[in-house]
Amino acid sequence: MASDVERPTEADALAAIAELIGPEMAAGIWDLSVRALGLRRPVESTADLRRVAEHLMATGDLVRVAGRSLKVRAITYDALSPTGG
Amino acid sequence: MMLLEERPASLRPRRDIDRLLDVARLGLDREQPRPFLQRVVDEVAEALHAPIAVADVLLDDVQVFAALHGPAPQWLLDAGGTPIEWSFCRPFLTERRPRIVRDLREDPRWSDNPLVTGEGARAYIGVPLISRRGHVLGGLCALDLAPRDFAGESIGMLERRAAEIIDNLESEAAAEL
């Protein structure tokens, strides 16, 4: 089936992430993800781009969980510590 | 994926990571109102004549309240949870069986728990919340402020309500895909 969908590229993906979290954070997290997967930059195949995407999604989920945990612990400590925060 | 393949010794066991990803898949770590769960815990409290009922979620090192019925100090509402070591449902991570504790203050496992010593929790009944992928998400439980027994059919009722909660969470997650 003919399609006018453009092939995704690492540069486009990085630019999109940078728009959300800034270029330094985007470059850092991309680089770490690619390295963790044992890939090399630039990531070219769509299969590898998909692996990076899934890694970023899982990492984001786990960071969100850890963030919620930290928030609960910080509020609990402040509430129960004699000196507070 | 490093999370899957190159795991330094300091990382949590793979099964814990998978469990937390399942918690996140169902959005249970998020702070948001959950009317369906709230209705369930309200009805559980009424059915068990218990002042407190909770649907709690076990994160990496805290429990968070997905829905809470009953009185609670303001700090607990602000926090939306407690350290996981205070969670009466934490044992579900290793023992997936319903549990009843008639008197938490008489049970060495719980007698020095701040929710017992400070907030007055005395009796507990709970069942695990287990996702369709087989991970323990947390528990559905009720607490009383005095030692007590729970009627024989209470566990069955809680298990049915827990199944309803899982159906609801899984349906909502599927709808978001």
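Going down the list, the protein sequences come from chains X and U. Start counting at 1 in the first sequence, then tack on 207, and there's your number in the numbering used here. Residue 78 in the numbering used here sits at position 95 of the second sequence, and the numbers go up by one each step. Beta carbons are placed, not taken as given, at the ideal position from N, Cα and C, and that holds for glycine.
Quick check on this structure: which residue in D127/U, I148/U, I149/U, G139/U has the alpha carbon closest to the alpha carbon of H32/U? On the second sequence, residue 32/U is found 49 positions in, with the first residue counted as 1. For the residues D127/U, I148/U, I149/U, G139/U, the minimum Cα distance to H32/U belongs to D127/U.
So which residues of chain X does T65/U contact, with C-beta pairs closer than 8 Å? Counting from one through the second sequence, the residue named residue 65/U turns up at place 82. Residues of chain X passing the Cβ test: V279, T283.
Where G267/X falls: helix, strand or coil (DSSP): Sequence index remark: in the first sequence, residue 267/X carries index 60 (1-based). Reduced to three states, the DSSP call for G267/X is helix.
Look at the alpha carbon of E171/U and the alpha carbon of A62/U, and state the distance between them as a whole number of angstroms. In the structure displayed, chain U extends from -16 to 160; residue 171/U sits before or after that span and is not available.
Proximity test, H118/U beta-carbon vs the ligand COA heavy atom, cut-off 6 Å: As for the ligand COA, it is missing from this structure, which has no ligand bound.
Check whether the region 53 to 61 of chain U touches the region 283 to 290 of chain X, taking contact to mean three or more Cβ pairs, one atom from each stretch, closer than 8 Å. yes
Separation of W237/X from R248/X, as counted between CA atoms: Your numbering for residue 248/X matches position 41 in the first sequence. Your numbering for residue 237/X matches position 30 in the first sequence. Going by the C-alpha atoms only, they are around 10 Å apart.
Cβ neighbours of R131/U in the same chain (closer than 6 Å, five flanking residues each side left out): Reading the second sequence from its first residue, position 148 is the one you call residue 131/U. So the qualifying residues of the chain are A106.
In this structure, how does DSSP classify Q46/U when only helix, strand and coil are distinguished? Reading the second sequence from its first residue, position 63 is the one you call residue 46/U. DSSP places Q46/U in strand when its eight states are reduced to three.
If contacts are defined as beta-carbon pairs under 8 Å, then A233/X and L221/X qualify, I think. What distance do you get, rounded to the angstrom? Here the question's residue 233/X lines up with position 26 in the first sequence. Here the question's residue 221/X lines up with position 14 in the first sequence. Confirmed, Cβ separation roughly 6 Å.
Of the residues that make up the region 46 to 78 of chain U, which ones have a beta carbon closer than 7 Å to any beta carbon in chain X? V47, W58, D61, A62, G63, G64, T65, P66
Own chain residues within Cβ distance below 7 Å of R144/U, not counting five before or after: Here residue 144/U refers to the residue found at position 161 of the second sequence. V23, V27, L123.
Just how far apart, CA to CA, sit A50/U and L227/X? In the second sequence, the residue the question calls residue 50/U occupies position 67. In the first sequence, the residue the question calls residue 227/X occupies position 20. Rounded to the nearest angstrom, the two C-alpha atoms are 31 Å apart.
Tell me, please, whether the CB atom of A177/U is closer than 7 Å to any CB atom in chain X? In the structure as shown, chain U begins at -16 and stops at 160. Residue 177/U is therefore absent and cannot be evaluated.
Please list the residues of the region -5 to 9 of chain U that have a C-beta atom closer than 9 Å to any C-beta atom in chain X, keeping them in chain order. I0, L3, L4, V6, A7, R8
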